[in-house]
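Novice:
In this note's numbering, the protein residues as written are 13 to 159.
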């Protein structure tokens, strides 16, 4: 996914099924669990819950008008993304990790676990991307959701 040249916003993610939505598109706002954007002068690939005040103030102020604004939690974790295959492994890694928040910054090859307001868990790994000097231009993610 490439960032728009006039925006820091990357995409919106539904972590229950891995669907990606783009700014200006038609989608159910209640399905958005995580928003991906460039923070800190475009150098920080940031994953934030729609409830995040900085996201609403500086990146997408339309979120303030959504009927449902999800309070998703996210933790950066040190797990082997490819080896995690069971919900119990995701829950254990989430519980063992420190720093539950509504926002997380990831670099290439780093992983986070998302916990939705419905108590569902999913993994996000930054698997690729392009930087121009220190600024992110594009990113590629791998997602694992639990069905």
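For every residue, glycine included, the Cβ atom is placed at its ideal position computed from N, Cα and C.
Using DSSP's beta-bridge definition, name the partner residues of residue 89.
Specialist: For residue 89, which the question treats as bridged, DSSP gives the partners 123.
Novice: If you reduce the DSSP assignment to three classes, tell me which class residue 118 lands in.
Specialist: Of the three classes helix, strand and coil, the one that applies to residue 118 here is coil, per DSSP.
Novice: Cβ atoms of residue 83 and residue 56: under 8 Å apart, would you say?
Specialist: Result no, Cβ atoms of residue 56 and residue 83 do not sit closer than 8 Å.
Novice: For residue 139, collect the residues of the same chain with a Cβ closer than 7 Å to its Cβ; drop the 5 residues on either side in sequence, then sort them by chain order.
Specialist: Correct list, in chain order: 152, 153 and 154.
Novice: Who are the Cβ neighbours of residue 49 in its own chain at under 6 Å, not counting the five residues just before and after it?
Specialist: Once the five neighbours on either side are set aside, the close Cβ partners of residue 49 are 20, 21, 22, 58 and 71.
Novice: In whole angstroms, what separates the C-alpha of residue 114 from that of residue 47?
Specialist: Residue 114 and residue 47: Cα-Cα distance of roughly 10 Å.
Novice: Can you look up residue 148 in the DSSP assignment and give me helix, strand or coil?
Specialist: Three-state DSSP puts residue 148 in a strand.
Novice: Which class does residue 113 belong to by DSSP, given the choice of helix, strand or coil?
Specialist: Correct three-state label for residue 113: strand.
Novice: What residue does the alpha helix (DSSP H) around residue 56 start on, and which one ends it?
Specialist: Counting along the chain, residue 56 falls outside any alpha helix (DSSP H), though it belongs to the beta strand (DSSP E) covering 56-60.
Novice: Apply the 10 Å Cβ neighbour rule to residue 14 and answer buried if 16 or more other Cβ atoms are within range, or exposed otherwise.
Specialist: Classification of residue 14: exposed, given that the 10 Å Cβ count is below 16.
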